[in-house]
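Worksheet for the structure shown next.
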Amino acid sequence: MENQLYDVIIVGRGPVGLFLACELRLTGLSVLVVERRSSSEGVAETRAFVVHCRTLEILAFRGLLGKFLQEGTKSPWWHYGVLDTRLDFSRFGHETKQNFVLLSPQFRTEEIFLERAKELGVDIVLGIRVESVEPSTTSVTIYGTSSSPDGGARSSFKARGKYLVGADGVRSTIRKATGFEFPGTPATHTGLTGEATLGVPMPYPYIAKNEAGLVIAVQLNIPSGRARLNVFTPARANVPDSTPVTLEDFNEALQEVTGVDYKLSNPCMLGRFNNEARCVDTYRKGRIFLAGDAGHQHLPAGGQGLNVGIQEATNLGWKLGAVIRGYAPDSLLDTYETERLPIAQGVVQSTTAQSVLFFAHSGPELAIRSVVNTLLKIPTANHDIAVGVSGFGVSYPKLLDMILPAGWEALPEAIAGKRALDVKLRVGNGEEKQLSDYMRGGKWVQLRFLDKLAGRPPLPAFEGATEVVDVAEVLEGKGSMYRGALSELLIRPDGYLGFGKR
Ligand SMILES: Cc1cc2nc3c(=O)[nH]c(=O)nc-3n(C[C@H](O)[C@H](O)[C@H](O)COP(=O)(O)OP(=O)(O)OC[C@H]3O[C@@H](n4cnc5c(N)ncnc54)[C@H](O)[C@@H]3O)c2cc1C
2 MENQLYDVII VGRGPVGLFL ACELRLTGLS VLVVERRSSS EGVAETRAFV
52 VHCRTLEILA FRGLLGKFLQ EGTKSPWWHY GVLDTRLDFS RFGHETKQNF
102 VLLSPQFRTE EIFLERAKEL GVDIVLGIRV ESVEPSTTSV TIYGTSSSPD
152 GGARSSFKAR GKYLVGADGV RSTIRKATGF EFPGTPATHT GLTGEATLGV
202 PMPYPYIAKN EAGLVIAVQL NIPSGRARLN VFTPARANVP DSTPVTLEDF
252 NEALQEVTGV DYKLSNPCML GRFNNEARCV DTYRKGRIFL AGDAGHQHLP
302 AGGQGLNVGI QEATNLGWKL GAVIRGYAPD SLLDTYETER LPIAQGVVQS
352 TTAQSVLFFA HSGPELAIRS VVNTLLKIPT ANHDIAVGVS GFGVSYPKLL
402 DMILPAGWEA LPEAIAGKRA LDVKLRVGNG EEKQLSDYMR GGKWVQLRFL
452 DKLAGRPPLP AFEGATEVVD VAEVLEGKGS MYRGALSELL IRPDGYLGFG
502 KR
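Residues 2 to 503, numbered by this note's numbering, are exactly what the sequence shown covers, in order.
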């Protein structure tokens, strides 16, 4: 391994690192994932459990959604800042089948991605803590150490890749070792988080806030049968993150908010969450990129971090593939930052706003809660916030002119860079297909509308990286997005509308 030059090394086998590794393998790159945890520590955390609509669409595009739906629980609504008026995702039903959030534990997400990464041939090394990074003009070398399983002597580790991605979480070594700034605001409030078995039945999902604090509790479909609990009380708001959480205190806090002694037992992963809010100001330093929590930190409100990280991986993966395989210039990689950094900053802003709603205790803060709660009753306001939280608000309208293929042009402003809806198509041989049937391989999808082509022969936009589909008819969904005056439409590998041909 020391002598192999990988196309991409990813530090961190969390959900973002694993998903990115899969995306990169789809483009044919060689990928090494290096993870600090050893296999015996496994993947056990439920941490994130809300999977949002756009992430579900991405999973459908890659053929992974079915595995998530098998065990997850659908909810047509989710909370915003623990307000009584919920965000209603069912209203997206006219444009997507993914008009709900899926409650699914993070460890299950990681298991599914890990299985996929292995199928795709990702190299994964466990039990290595990466400690330093040495970039050169042509590659990046990482250095780390491993401990032997019996706690014995440490051995050194070295690997080299053409590019490096730090997907190593909020305390990212890669971010620190390579000089990325991480500006933001420190935590002002902490809450309790963890899993436990309840001795008394609870109505799930239990999401409530009152003068004693707040609780967000769900029962996930996990073998241990434990509930996932987040609890906040003003009395515990200033307890430092590092202070251990006892089961007794957790039980007491839950009782203070709910008025019920749930008789917690069998605890797991008791800890604290906080509202520290930070975001890097760049995603790239030469051959080094950041993805996922390594680039942003915020209150885990409304289920955003993992979702945003998966979108980042989807954006970065095909671009690295295009540049390394030689059909795009290096400047394409800069668009990872221009497209994704504003979205990460928006998430930090939105969760900071939710932080005010979460921790509201005094008169003015409670007044803000009341006003926002009323605003969310207005369907268009509710819809607009839901669009943002779901990931459906993301679009990439700026033309990627550095890769504009000959004969292709920018799309009309109304649809440029919009997310591709998973429409049903009647294809050239008369069969009915979904767009997602063609997105599995992570290639560009080139739709050729037969009635407008006048017999023009197929000419793949990017040789070897394009799935060409003859379309006789767009059968459902927002067909106009796929038609207008266009004879051909090119959909990016990450599922956004790219270029058109008249
Ligand atoms: C209480 C709580 C609830 C949450 N709920 C949600 C939710 O419902 N929905 C949602 O979208 N998000 C939620 N999140 C956020 C979500 O858990 C994170 O956004 C997600 O885990 C980020 O994934 P990641 O792969 O970027 O980082 P991580 O999951 O942190 O993975 C990073 C990996 O890098 C490894 N690593 C770190 N340093 C090194 C090193 N030096 N060398 C080698 N390996 C290293 C770590 O061991 C780890 O495996 C929640 C977070 C918390 C705390």
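Just so it is clear, CB atoms sit at the ideal spot from N, CA and C, and this is done for glycine as well.
Counting along the chain, where does the alpha helix (DSSP H) carrying residue i start and finish?
{"i": "Glu477", "result": "From DSSP, Glu477 is part of no alpha helix (DSSP H); its letter is neither H nor E."}
{"i": "Arg341", "result": "Ser332 to Phe360"}
{"i": "Ile59", "result": "Cys54 to Phe62"}
{"i": "Gln447", "result": "That residue, Gln447, is in no alpha helix (DSSP H); its beta strand (DSSP E) goes Trp445 to Phe450."}
{"i": "Glu36", "result": "No alpha helix (DSSP H) contains Glu36, which DSSP labels as neither H nor E."}
{"i": "Glu112", "result": "Gln107 to Leu121"}
{"i": "Asp385", "result": "Pro380 to Ser391"}
{"i": "Glu249", "result": "Leu248 to Thr259"}
{"i": "Arg26", "result": "Pro16 to Leu27"}
{"i": "Thr315", "result": "Gly306 to Ile325"}
{"i": "Phe69", "result": "Leu66 to Glu72"}
{"i": "Gly364", "result": "Gly364 to Leu376"}
Determine the direct distance from the alpha carbon of residue j to that of residue i, and round the result to whole angstroms.
{"i": "Gln1", "j": "Gly180", "result": "As shown, the chain starts at 2 and ends at 503. That puts residue 1 outside it, with no answer to give."}
{"i": "Arg87", "j": "Val390", "result": "12 Å"}
{"i": "Ile369", "j": "Leu358", "result": "7 Å"}
{"i": "Gly128", "j": "Phe114", "result": "19 Å"}
{"i": "Gly322", "j": "Gly29", "result": "7 Å"}
{"i": "Val102", "j": "Met203", "result": "21 Å"}
{"i": "Tyr205", "j": "Pro106", "result": "15 Å"}
{"i": "Tyr497", "j": "Ser396", "result": "7 Å"}
{"i": "Glu249", "j": "Leu255", "result": "10 Å"}
{"i": "Phe500", "j": "Ile492", "result": "7 Å"}
{"i": "Gly318", "j": "Val9", "result": "10 Å"}
{"i": "Asp438", "j": "Pro365", "result": "51 Å"}
{"i": "Tyr207", "j": "Gln99", "result": "23 Å"}
{"i": "Thr174", "j": "Glu132", "result": "7 Å"}
{"i": "Ile379", "j": "Val372", "result": "12 Å"}
{"i": "Ser363", "j": "His299", "result": "22 Å"}
{"i": "Tyr284", "j": "Tyr337", "result": "8 Å"}
{"i": "Asp89", "j": "Trp79", "result": "7 Å"}
{"i": "Gly64", "j": "Cys23", "result": "12 Å"}
{"i": "Ala238", "j": "Gly214", "result": "10 Å"}
{"i": "Lys399", "j": "Thr186", "result": "31 Å"}
{"i": "Gln220", "j": "Leu436", "result": "34 Å"}
{"i": "Val424", "j": "Gly200", "result": "46 Å"}
{"i": "Arg484", "j": "Val446", "result": "15 Å"}
{"i": "Phe233", "j": "Val216", "result": "7 Å"}
{"i": "Arg92", "j": "Leu121", "result": "36 Å"}
{"i": "Ala236", "j": "Asn211", "result": "14 Å"}
{"i": "Thr138", "j": "Lys264", "result": "59 Å"}
{"i": "Ile386", "j": "Ser148", "result": "47 Å"}
{"i": "Gly434", "j": "Thr315", "result": "The question names Gly, but residue 434 in the sequence shown is Lys. Approximately 23 Å between the Cα atoms of the pair."}
Based on the DSSP secondary-structure assignment, which residues constitute the bridge partners of residue i?
{"i": "His297", "result": "Cys280"}
{"i": "Tyr7", "result": "Gly162"}
{"i": "Ile217", "result": "Ile208 and Asn231"}
{"i": "Leu426", "result": "Lys434 and Val475"}
{"i": "Ile223", "result": "Ile223 pairs with nothing; no bridge assigned."}
{"i": "Val141", "result": "Pro136 and Gly162"}
{"i": "Glu410", "result": "Gly501"}
{"i": "Val12", "result": "Val35 and Gly167"}
{"i": "Arg420", "result": "Tyr497"}
{"i": "Asp89", "result": "Trp78"}
{"i": "Glu468", "result": "Val446"}
{"i": "Arg285", "result": "Phe290"}
{"i": "Thr146", "result": "Arg130 and Ser157"}
Which residues bound the beta strand (DSSP E) around residue i?
{"i": "Phe158", "result": "Arg155 to Gly167"}
{"i": "Glu196", "result": "Thr191 to Thr198"}
{"i": "Glu135", "result": "Ile129 to Pro136"}
{"i": "Ile175", "result": "Per DSSP, Ile175 belongs to no beta strand (DSSP E); it is in the alpha helix (DSSP H), Thr174 to Ala178."}
{"i": "Leu491", "result": "Glu489 to Ile492"}
{"i": "Phe274", "result": "Ser266 to Asn275"}
{"i": "Leu291", "result": "Ile289 to Leu291"}
{"i": "Leu104", "result": "Val102 to Leu104"}
{"i": "Asp124", "result": "Asp124 to Val126"}
Three or more C-beta pairs below 8 Å linking the stretch 312-331 and the stretch 243-259: no
Touching by the beta-carbon criterion (3+ pairs, under 8 Å), the stretch 190-209 and the stretch 227-238: yes
Cβ contact (3+ pairs, closer than 8 Å) linking the stretch 153-172 and the stretch 215-225: no
Segment contact, 8 Å Cβ cut-off, at least three pairs: the stretch 73-84 with the stretch 343-359: yes
The stretch 308-318 / the stretch 237-249 touching (three or more Cβ pairs under 8 Å): no
The stretch 13-33 / the stretch 405-413 touching (three or more Cβ pairs under 8 Å): no
Any 3 or more C-beta pairs closer than 8 Å across the stretch 181-191 and the stretch 266-282: yes
Meets three-Cβ-pair contact criterion under 8 Å: the stretch 51-58 and the stretch 136-144: no
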